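Numbering (this note's numbering), first residue to last: 162 to 488.
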């Protein structure tokens, strides 16, 4: 009887060991992706969703063979740095950093883990990569560098007499500074001037926008994360002061801007997700060139234009990818 019991016990232990080995193998087969996002607003949220959906489309199912971590810094770079250190300690297979501040803090936290950035305007200027063609380290990604000249063509088409273009930006955000410098250069080439108003946090955006009243003939907002998070504040100033507000982010048109010509940030996220999948399958970030987006969509809001004292012409409306408020 004792021998029979010992055989049963041995078999049970063997099966338990086999089960544990299977569980460990399953864990090894699964992948972990950590996503850090500087702030929550429609464009960056769309990137997040696009990344998840693209991974799912490529067979990485959350809860099955994929574990996802996601943290938002709520616009605070100190919190972004904390998230970066946390993720570096967690050792995921790939880290996705959405927007420049999160990408920079992630780059400072690890030089070994693969990092894929998204919605970063100037990755070279932000010192994330050596060059767009050859990133050279553990980081690559998808840039949302704006076609400023096409945006200014749009502004001048709608407000041809505008001589002074205002913008609100966060001087502490690398991508915002790079865009404002490019904007000023392009405006000077057209004989126009730039009126700048600084806002280092979302609570300062309204006051900065108000300072442009009487100075700017039109307001143009880049993809500055601080400002876009509080875009309604700029729109309210535009309505009261009768200053047309334009944007680089199409989601801002739904929030009251006159018009925008920009990327579909969900598609940007899908493009980023495809890059993440390549790395999960063994590719090195150093060998993957930084990608950009060429396709632009025009969104217009005729109702918002009227609130700001102008009328959009029928030709422009007919060219739009989407007309807000035209149900």
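The C-beta atom is built at its ideal place from N, Cα and C for all residues, glycine as well. Treat the numbers as computed from the prediction; the structure is a model and nothing was measured.
Beta-carbon proximity list for residue i, same chain, < 6 Å, skipping 5 on both sides
i           : result
residue 431 : 211 and 215
residue 379 : 316, 320, 323, 326 and 405
residue 482 : 458 and 459
residue 412 : 203 and 204
residue 341 : 330
residue 219 : 438
residue 184 : Note that residue 184 has pLDDT 31, beneath the 50 cutoff, so the model's placement of it is unreliable and no number is given.
residue 304 : 281, 284, 451 and 453
residue 435 : 215
residue 223 : 229
residue 227 : 192 and 221
Identified DSSP bridge partners for residue i
i           : result
residue 301 : 277
residue 423 : 458
residue 231 : 196
residue 221 : Beta-bridge pairing links residue 221 to no other residue.
residue 483 : 460
residue 357 : 328
residue 380 : 327 and 406
residue 257 : 196 and 277
Separation of residue j from residue i, as counted between CA atoms
i           : j           : result
residue 285 : residue 438 : 23 Å
residue 442 : residue 364 : 43 Å
residue 343 : residue 358 : 16 Å
residue 369 : residue 425 : 28 Å
residue 350 : residue 309 : 12 Å
residue 373 : residue 367 : 10 Å
residue 300 : residue 225 : 27 Å
residue 289 : residue 475 : 43 Å
residue 402 : residue 376 : 11 Å
residue 446 : residue 267 : 14 Å
residue 229 : residue 444 : 20 Å
residue 362 : residue 332 : 10 Å
residue 213 : residue 392 : 26 Å
residue 352 : residue 345 : 10 Å
residue 253 : residue 217 : 17 Å
residue 408 : residue 394 : 13 Å
residue 455 : residue 243 : 34 Å
Contact check, residue i vs residue j, beta carbons under 9 Å
i           : j           : result
residue 360 : residue 387 : yes
residue 194 : residue 221 : yes
residue 398 : residue 381 : no
residue 491 : residue 480 : As displayed, the chain neither begins before 162 nor continues past 488, which places residue 491 out of reach and without an answer.
residue 291 : residue 302 : no
residue 239 : residue 260 : no
residue 337 : residue 330 : yes
residue 410 : residue 203 : yes
residue 423 : residue 453 : no
residue 236 : residue 390 : yes
residue 265 : residue 335 : yes
residue 433 : residue 257 : yes
residue 129 : residue 451 : This structure cannot speak to residue 129, because the chain is shown only from 162 to 488.
residue 287 : residue 245 : no
residue 400 : residue 306 : no
residue 296 : residue 440 : no
residue 318 : residue 477 : yes
Neighbourhood of residue i by C-beta, 8 Å cutoff - its chain only, sequence neighbours within 5 removed
i           : result
residue 462 : 414, 415, 417, 418, 419, 420, 484, 485 and 486
residue 247 : 232
residue 472 : 463 and 466
residue 348 : 313, 326, 354 and 355
residue 209 : 196, 198, 231, 259 and 430
Beta-carbon proximity list for residue i, same chain, < 7 Å, skipping 5 on both sides
i           : result
residue 189 : Because residue 189 sits at a pLDDT of 46, beneath the cut-off of 50, its placement in the model cannot be relied upon, and the point is left open.
residue 249 : 270, 271 and 274
residue 263 : 197, 198, 199, 234 and 241
residue 371 : 398
residue 255 : 194, 275, 277, 437, 440 and 441
residue 396 : 406, 416, 417 and 418
Closer than 9 Å to chain C by CB, residue i
i           : result
residue 474 : Here there is only one protein chain, and chain C is not present.
ask   = Which whole runs of the beta strand (DSSP E) in the region 392-452 are 3 residues long or more, in chain order?
value = Within the region 392-452, the complete beta strand (DSSP E) segments at least 3 residues long are 406-408 and 420-423, listed from N- to C-terminus.
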